[in-house]
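Numbering-wise (the numbering used here), the sequence shown opens with residue 18 and increments by one.
Using N, Cα and C, we set each Cβ at its ideal position, and we do this for glycine too.
It should be emphasised that the depicted structure is a prediction, and the values quoted were computed from it without experimental measurement.
Here is the structure we will look at.
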Amino acid sequence: MKRARSPSGLDRLLDLREREVERLGADVAARERVSARYRANLARLQELSASTGPSARVAGSDGLVSPAVSRNRGDYRQNVMRLADLHRLDLTLHEADLAVARRALGNAIRRREALRLALERRAERMRRARQTRERKAQDEMASQIWIRGRG
């Protein structure tokens with residue numbers, strides 16, 4: 018659809034809606050990247066937790082571990098698990114924010130599309146009105162020519 022040279026208020030509003038959709042889309046994309054980082058970090062924390070479990074081997078040992086090393090590994094594993102729990106909580110909160118951002122993006126897209134359709138309908142009405150005026154003018158000229166030709 019070709020727009021008029023001087024944009025009307027609706028054209029400017031459509032431009033604003035498009036910018037809003039772009040901004041919200043970029044925001045959602047950034048939030049999705051953060052969620053992916055949270056998930057990757059959680060996977061790494063799970064690996065760390067598993068690697069310090071009771072079945073983990075200590076390099077160069079015959080399987081026997083001193084009580085101090087065992088306690089240290091237990092404390093380390095508890096801290097890793099606690100950190101993973103905090104990370105899961107942060108991810109849950111972040112996912113809720115992401116859902117709100119996605120909903121806002123969807124609403125902005127719907128508003129933009131409704132406005133775009135309204136502009137298209139208006140342009141179509143204007144085109145039809147222009148064609149009607151042109152047909153009337155041509156009919157009027159043809160009538161004048163016919164009347165002059167008869168007389």
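Item                                                                                                                                                                                                : Value
Starting from the C-beta of residue 100, find all residues in its chain whose C-beta is less than 7 Å away, skip the five residues before and the five after it, and write them out in chain order. : 62
Grab the span of the alpha helix (DSSP H) containing residue 51 for me, first residue to last.                                                                                                      : 26–68
Would DSSP call residue 117 helix, strand or coil?                                                                                                                                                  : helix
Tell me whether the beta-carbon of residue 133 lies closer than 8 Å to the beta-carbon of residue 41.                                                                                               : no
Under the three-state reduction of DSSP, which class applies to residue 110: helix, strand or coil?                                                                                                 : helix
Report the rounded CA-to-CA distance for residue 66 versus residue 123, giving the unit in angstroms.                                                                                               : 39 Å
Can you tell me the Cα-Cα spacing of residue 29 and residue 49, whole angstroms?                                                                                                                    : 30 Å
Can you tell me whether DSSP reads residue 83 as helix, strand or coil?                                                                                                                             : coil
Would a C-beta distance cut-off of 8 Å place residue 69 and residue 36 closer than the cut-off?                                                                                                     : no
How many Å lie between residue 152 and residue 160 at the Cα?                                                                                                                                       : 12 Å
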